[in-house]
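Student: Residue numbers for the sequence shown follow full-length UniProt numbering, so the first one is 1 and each next one is one higher.
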Amino acid sequence: MAEEVTRQNDTIFALSTHPGKAALAIIRISGPQTGRALQMMLPRSSSRSAEAPLAPRLAVKTRIVDPASADSTLDTGLCIWFPGPRSFTGEDMAELHIHGGSAVIASVLRALGSIPNLRMAEAGEFSRRAFDNDKMDLTTLEGVADLINAETEAQRKLAVRQAGGELHELYEHWRERMVSLMANIEAYIDFSEEENIEDGVLDNVRRIAGSLKEDIANHLNDGRRGEILRSGVSLAIVGPPNSGKSTLLNRLAQRQVAIVSPVAGTTRDIIETTLDIGGYPLVVRDTAGLRHADGDAIEAEGIRRALESAREADMRICLLDATDVLDQQQKLDGVLGADEWRALLSLPHTLIVLNKADQLKIGTGDVAQSQALAWARAHTGGDAVLISCASMFGWDKLMGRVAGHIRGSWEGGESLRMPLTKERHRQHLSQCLERLERFERAGDQWVLAAEELRAASAALGRITGRVGIEDVLDSLFSQFCIGK
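(1) Does the stretch 307-316 come into contact with the stretch 428-441, if we say contact requires no fewer than three beta-carbon pairs (one atom in each stretch) closer than 8 Å?
(2) From the DSSP output, in three-state form, read off residue 25 for me.
(3) Which residues does DSSP pair with residue 79 in a beta bridge?
(4) Sort 190, 183, 227 by Cα distance to residue 454 and report the nearest one.
(5) I need the boundaries of the beta strand (DSSP E) containing residue 108, first residue and last residue.
(6) For my contact list, residue 332 and residue 240 are in at a C-beta cut-off of 8 Å; report their separation, rounded to the angstrom.
(7) Tell me whether the stretch 9-24 and the stretch 93-108 touch, counting them as touching only if at least three CB pairs, one residue from each stretch, are closer than 8 Å.
(8) Is residue 391 helix, strand or coil by DSSP?
(9) Taking the beta strand (DSSP E) that residue 355 falls in, what are its first and last residues?
(10) Could you check the C-alpha separation between residue 121 and residue 31 for me, to the nearest Å?
(11) Would residue 25 be called buried (16 or more neighbouring beta carbons within 10 Å of its own) or exposed?
(12) Inspect the beta-carbon positions of residue 229 and residue 421 and report whether they are closer than 9 Å.
(13) Quick check: what's the CA-CA separation for residue 462 versus residue 238?
(14) Going by beta-carbon coordinates alone, are residue 305 and residue 269 separated by less than 9 Å?
(15) Taking 8 Å as the limit between beta carbons, can you name the residues of its chain near residue 82, skipping five residues before and five after?
(16) Below 8 Å on the Cβ atoms is my contact criterion, and I expect residue 38 with residue 61 to pass it. Report the Cβ-Cβ distance as a whole number of Å.
(17) Please say whether residue 143 and residue 123 have beta carbons closer to each other than 9 Å?
(18) How big is the Cα-Cα spacing for residue 135 and residue 127?
(19) Under 9 Å between the Cβ atoms of residue 285 and residue 351?
(20) Could you give the uninterrupted runs of the beta strand (DSSP E) lying entirely in the stretch 221-308, keeping only those of 3 residues or more?
(21) Figure out for me which residue from 185, 137, 179 has the closest Cα to the Cα of residue 166.
(22) Could you give the first and the last residue of the continuous beta strand (DSSP E) run that contains residue 15?
(23) Quick one, which of 234, 275, 231 has its alpha-carbon nearest residue 250's?
(24) Can you tell which of 355, 357, 320 has its C-alpha closest to the C-alpha of residue 345?
(25) When the distance is taken between beta carbons, is residue 107 closer than 9 Å to residue 146?
(26) Helix, strand or coil for residue 182, going by three-state DSSP, please let me know.
(27) Go to residue 161, then tell me how far its alpha helix (DSSP H) extends in each direction, as first and last residue.
(28) To which residues of the same chain is residue 428 closer than 6 Å at the C-beta, ignoring the five residues directly before and after it?
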C-alpha cells in the first residue's frame, strides 16, 4: 500500500503522440516535481521558479536543454505549463511540443529520465490520475478510450457524447434522486413518532421510485444499439462451396482478404474484417462452405463454426450460385436438413444473394433468373438480390440493403438519450433495476426499503466509479497508451 501511494505521488512523463517519424511530438509531464523539471529542461532565467516556471496555460517558444549541461540544446519547441488543479490530471502538469524525429524524442525522454524523482508513466497513468483527482468519472474515461479507438464517423460521434459526460450526467441524476429518496425514508424512520412528517411524503417516494424504475428499464431496453455500434454490426456470409463467398468478402473489403480458388473447401476457418459502411462499422465474416465433410475433421469443424457464426450474427448473407440455385438448395437440405436450413433462412435480417449473374442472360424474360428469384422469394418472404461479384452487376442494390440494415440498428440513436455502450454498464443497471423492484415489494417495511434503495444507488455508483471498481480500473487503464 505504501509503495502504491509513493507511485501515485511520483512525477511521471511519457510521449503522448504516436511514436515514429512525424512533424511534431508531445511529451507530457505530471506530478509535484513538474515545475522543477521544467526549470531544469528550459534555459536558466531569474524569473523562473519551480512554483512558476512559466506563465500558466500559454504556449511559449523555447529551447529544450539537457539538465546536465544548460548549454546543450536538445531541440527548440513549445512548452505549456498547467499548474494544478486546473489541468488534465488535476496535478501540476506540462507539455513539451518538440520535433517528431526519433532521435529528438529519445534525447528529451532520456534527459527527463535523468532528473531525480521522475519516471516513465505506465499505460493509462495520466488518465488514472485524472480519475483519482475527480477530473473525470469512469464512464467519461471509457468514452475517451472509445474516442481514441473509433474507426468510423458513427463511432466517433457516440464516443464524443460519452466522453463529454452524457452518461455521467444521466447516472448521477438518477443516483442523486435515489439519495434524496433515502433521506426522506430515513427521516420517516427516525422522526415519525416525534415530529409531524408531511402527509404524502412516502407516497411521493413510491411515485418517484416507480418513475426511476421505468426510466432505467427503458434505458436497458435499447436493442443494444450502443454496444452494436461500438463493436460493429456483424455480418456472416454463408452458403455452399464455390458460390463466391470469399470473392464477395474481397469485393466488400476492396482488397484481398481471403484466398479465392476454384477448389471447393478452400476456406476452412472464419475470416473476419471490419469495414466502414457509410460511417458505420460492419464486421464481415467469410465462412467455410456448407457441404458433407466426407470424414474430414478439420472441414467439419469449419462448417460447425460457420453455422454458429451465422446464428450469432446480427445479419446474414446466404450466397448461392444463381446458375444452379435449385440444385444447391437440395444439397443444403441434405447437409443441414431441410428444417435447419429453413430455420437459418428465417432468422431476422437474413438476405439471400444470388451470385454469378454474369453467367445468366440479364433480362426479365430469362427463365433461369426468374426461377432463381422465385425460389428466393418463397424462402425469405421478400425479394432477393441478384449480383455478379465478377462484373459488379447489382452491387449498388446489395450495398443499399446492407447499409439499410446497419442504419436500422442505430435508428434514432443520435437524437435519443445516450445509449449503453458496455456490457459492464448493462449488468450494473440490471442490478439497480432488480433492487428497485425489491424496494416496491418491501411495502411498508421502510427499513428494508431504504436498504434496497441504498443497494440500487451503489449499483449506479459502480458504473461511474464511486463504488468498489478497482479491478475494472486496472483493466481499463491497461488499454490506454503510455502517454494517456
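Positions of the beta carbon are idealized from the N, C-alpha and C atoms, including for glycine.
Tutor: Looking at the coordinates:
(1) Three or more beta-carbon pairs separated by less than 8 Å are not found between the stretch 307-316 and the stretch 428-441, which leaves the two stretches without contact.
(2) Three-state DSSP puts residue 25 in a strand.
(3) 60, 96, per the DSSP bridge assignment.
(4) It is 183 whose Cα lies nearest to the Cα of residue 454.
(5) For residue 108, there is no enclosing beta strand (DSSP E); the enclosing alpha helix (DSSP H) has its first and last residue at 102-113.
(6) Distance from residue 332 to residue 240 at the Cβ level is roughly 6 Å; contact confirmed, criterion being Cβ atoms closer than 8 Å.
(7) The way I'd put it, the stretch 9-24 does touch the stretch 93-108; three or more beta-carbon pairs between them come closer than 8 Å.
(8) Residue state for residue 391 is assigned as coil, using DSSP reduced to three classes.
(9) First-last of the beta strand (DSSP E) with residue 355: 350-355.
(10) One Cα belongs to residue 121, the other to residue 31, and the distance between them is close to 11 Å.
(11) Residue 25 comes out buried.
(12) Yes, these two residues count as a Cβ contact at 9 Å.
(13) Spanning the two alpha carbons is a distance of roughly 41 Å.
(14) In terms of Cβ geometry, residue 305 and residue 269 form a close pair [threshold 9 Å].
(15) The residues are 56, 57, 88, 92, 93, 94, 95.
(16) That belief does not hold up - the Cβ atoms of residue 38 and residue 61 are roughly 14 Å apart, past 8 Å.
(17) Taking 9 Å as the Cβ cut-off, residue 123 and residue 143 do not qualify as a contacting pair.
(18) The straight-line gap from Cα to Cα measures roughly 9 Å.
(19) Their beta carbons are not under 9 Å apart, which means residue 285 does not touch residue 351 by this criterion.
(20) DSSP runs (the beta strand (DSSP E)) wholly in the stretch 221-308: 233-238, 271-277, 280-286.
(21) Answer by Cα proximity: 137.
(22) From DSSP, the beta strand (DSSP E) with residue 15 extends over 11-15.
(23) Minimum Cα-Cα distance from residue 250 among the listed residues 234, 275, 231 corresponds to 275.
(24) Ranked by how close their Cα comes to the Cα of residue 345, the residues 355, 357, 320 have 320 in first place.
(25) Their beta carbons are not under 9 Å apart, which means residue 146 does not touch residue 107 by this criterion.
(26) Note: residue 182 maps to helix in three-state DSSP.
(27) Per DSSP, residue 161 belongs to the alpha helix (DSSP H) from 153-163.
(28) Hits under 6 Å: 459, 462, 463.
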